[in-house]
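One structure is given here, and the rest of the page talks about it.
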Amino acid sequence: GDGVFKYYSSGEWKKSSSGKSVPIINPTTRQPHFKVQACTQEEVNKLMEEAKTAQKLWAKTPLWKRAELLHKAAALLKEHKVPIAECLVKEIAKPSKDAATEAVRSGDLVSYCAEEGVRILGEGKFLVSDSFPGNERTKYCLTAKIPLGVILAIPPFNYPVNLAVSKIAPALIAGNSIVLKPPTQGAVAALHMVHCFHLAGFPKGLISCVTGRGSEIGDFLTMHPMVNCISFTGGDTGIAISQKAGMIPLQMELSGKDACIILDDADLDLAAANIVKGGFSYSGQRCTAVKVVLVMESVANALVDKVKAKVAKLTVGLPEDDSDITPVVTESSANFIEGLVVDAKQKGATFCQEYRREGNLIWPLLLDNVRSDMRIAWEEPFGPVLPVIRITSVEEGIHHCNASNFGLQGCVFTRDISKAILISDAMETGTVQINSAPARGPDHFPFQGLKDSGIGSQGITNSINMMTKIKTTVINLP
Ligand code: G3H
13 GDGVFKYYSS
23 GEWKKSSSGK
33 SVPIINPTTR
43 QPHFKVQACT
53 QEEVNKLMEE
63 AKTAQKLWAK
73 TPLWKRAELL
83 HKAAALLKEH
93 KVPIAECLVK
103 EIAKPSKDAA
113 TEAVRSGDLV
123 SYCAEEGVRI
133 LGEGKFLVSD
143 SFPGNERTKY
153 CLTAKIPLGV
163 ILAIPPFNYP
173 VNLAVSKIAP
183 ALIAGNSIVL
193 KPPTQGAVAA
203 LHMVHCFHLA
213 GFPKGLISCV
223 TGRGSEIGDF
233 LTMHPMVNCI
243 SFTGGDTGIA
253 ISQKAGMIPL
263 QMELSGKDAC
273 IILDDADLDL
283 AAANIVKGGF
293 SYSGQRCTAV
303 KVVLVMESVA
313 NALVDKVKAK
323 VAKLTVGLPE
333 DDSDITPVVT
343 ESSANFIEGL
353 VVDAKQKGAT
363 FCQEYRREGN
373 LIWPLLLDNV
383 RSDMRIAWEE
393 PFGPVLPVIR
403 ITSVEEGIHH
413 CNASNFGLQG
423 CVFTRDISKA
433 ILISDAMETG
443 TVQINSAPAR
453 GPDHFPFQGL
463 KDSGIGSQGI
473 TNSINMMTKI
483 KTTVINLP
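Each residue of the sequence shown is one higher than the one before, starting from 13 at the first, in the UniProt record's numbering.
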């Protein structure tokens, strides 16, 4: 056809009546690589109506049948891992192996969701009235979990497939319908993922995928009266959405500034390996990346040397070659990162490597002796630049961590488990990892951010529960 990928509505692939498309820029070449439909508000209205209708029937479909379809979709996702990964390489410059891992992890997530769903949605509670003062045993209360309705899923560019299915699968197993708005970069990978759900045979209208410009359909989607829940992962936009959304449950996973606190008794080799993995995998473009290292002065030189040696081994280049460091997602992102680097330079940070950039490709950079007047001490680069702040007490490290507006995850390296637990308790973050880098997975673990890092808790079980409401029926005995 005209080379513009179609959007998905009423169980069919369609062209938008707008006649317009949105280009997807390959971060490596900085040239348009794919095009997707620029959908209109009318088209959104149509698929919302269908989502509402389809959901009513879906909610009455037996749970085991819903699970069966999800298992089919999971298997298809794994079968299609090669073309999905190819899209991720071209659209978001994800290293090829990580791109394939994303597709497989997504299949596993969908299967686990189906299994978890049949367990936790397959049972409810039975309560009796005489435990509350003044009551006889004359009332029996039955609880059930019912779906919310239409769920709007908005995943970010860094996991366009995995963070889409982490919303879609819990929504579907719980009896909801789904409207997916993928990020523009990653939209074709997401359409391919939706194709797997299409092939699995879900009822028409239950799942739709709408592409287009945020300026045209962004607010229109998030403020749409037919949306009963929004599950969003991304940056500041999430705060704006939460201010505009109606009285509906919101699941938000936003930015982070995950701190890594290194005590003087830490295993420094282990710490260095995790700092490099945590700070530089997918070029630092993960909400859970290590974004500031807070190291005790007594071990700082030794740690920095170990990290430097590992950074020197990172390969820098093309995602097609499975390089460790690949171009960041957009030119504006690269410019933002560069702004943080320039600021740190002016204010006297120690550059452990020379700063180097070609197009959107930024070489990995460790900045030592960062102080709190530098922007990089607080802001999230979402790129391969990692600041090190030297501390003289653990309290100083905890204080820096808690002074951030963000509170996603954090980590602490020490051989003293009691100290680690006290530090975990003191850190105002949704998760603290002891002796490992921050990470969302395994995907059934609870995942949540405090403060500006989010609303609600994710992870498979929590997401299923969040996408349901409790309904009670009370039997009144004579
Ligand atoms: O970017 C945000 C993701 O939720 C992080 O997931 O820890 O598996 O990379 P990850």
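Just so it is clear, CB atoms sit at the ideal spot from N, CA and C, and this is done for glycine as well.
For clarity, every value in this text was computed on a predicted model and none was experimentally measured.
Going by beta carbon distance, what residues of the same chain come within less than 8 angstroms of residue i, once the five residues before and after it are set aside?
i         : result
V406      : I273, L275, M308, K431 and I435
N372      : P39, T40, R42, A105, P339, V340, V341, T342, E343, S345 and A346
V16       : K27, S33, K47, V48 and Q49
V486      : K151, Y152, C153 and L154
I410      : I273, I435, A438 and M439
residue 6 : Here the chain covers residues 13 to 490 and nothing more, so residue 6 does not appear.
K320      : C364, Q365 and L378
S448      : N286 and C423
If distances are taken between C-alpha atoms only, which option among the options comes closest to residue i?
i    : options                   : result
L184 : K483, I482 and N477       : N477
D385 : E228, L352, R78 and A212  : L352
K72  : K27, I158 and L139        : I158
T113 : F363, V173 and L160       : V173
S108 : V239, V305 and E332       : E332
L89  : R117, K64, E103 and K77   : R117
Q297 : K318, L266 and K93        : L266
P44  : T196, A283 and C364       : T196
F348 : G329, L326, K359 and I388 : I388
V222 : E408, D464 and E24        : E24
K137 : L489, I482 and P490       : I482
P74  : V94, A126 and P95         : A126
P376 : K289, P35, K256 and G198  : K289
Taking 6 angstroms as the limit between beta carbons, can you name the residues of its chain near residue i, skipping five residues before and five after?
i    : result
P261 : C241
P237 : none
D142 : E148 and R149
S30  : A50 and T52
P194 : P172 and A202
A86  : G119, V122 and S123
L218 : A66, W70 and S189
K179 : A165 and S243
With a threshold of 7 angstroms (Cβ to nearest heavy atom), would residue i be considered close to the ligand G3H?
i    : result
T300 : yes
Y171 : yes
A451 : yes
E392 : no
E265 : yes
T223 : no
L175 : yes
T342 : no
T245 : yes
Taking DSSP's pairing of strands, which residues face residue i in a bridge?
i    : result
Q460 : S469
F46  : I36
I180 : DSSP lists no partner for I180.
A156 : K483
F244 : I166 and M264
Y20  : W25 and C221
Any Cβ of chain B within less than 8 angstroms of the Cβ of residue i?
i   : result
K58 : No chain B appears in this structure, which consists of one protein chain only.
Leaving aside the five residues before and after residue i along the sequence, list all residues of the same chain whose C-beta is less than 7 angstroms from its C-beta, in chain order.
i    : result
D277 : T426, R427 and D428
T300 : G268, D270, L420, Q421, P450, A451 and R452
L462 : G419, E440, T441 and G442
V101 : S108, A111, P331 and E332
Are the region 207 to 215 and the region 65 to 83 in contact at 8 angstroms, needing three or more beta carbon pairs?
yes
Assess, as a yes-or-no matter, whether the region 162 to 180 is touched by the region 188 to 201 under the definition of 3 or more beta carbon pairs within less than 8 angstroms.
yes
Meets three-Cβ-pair contact criterion under 8 angstroms: the region 357 to 371 and the region 119 to 136:
no
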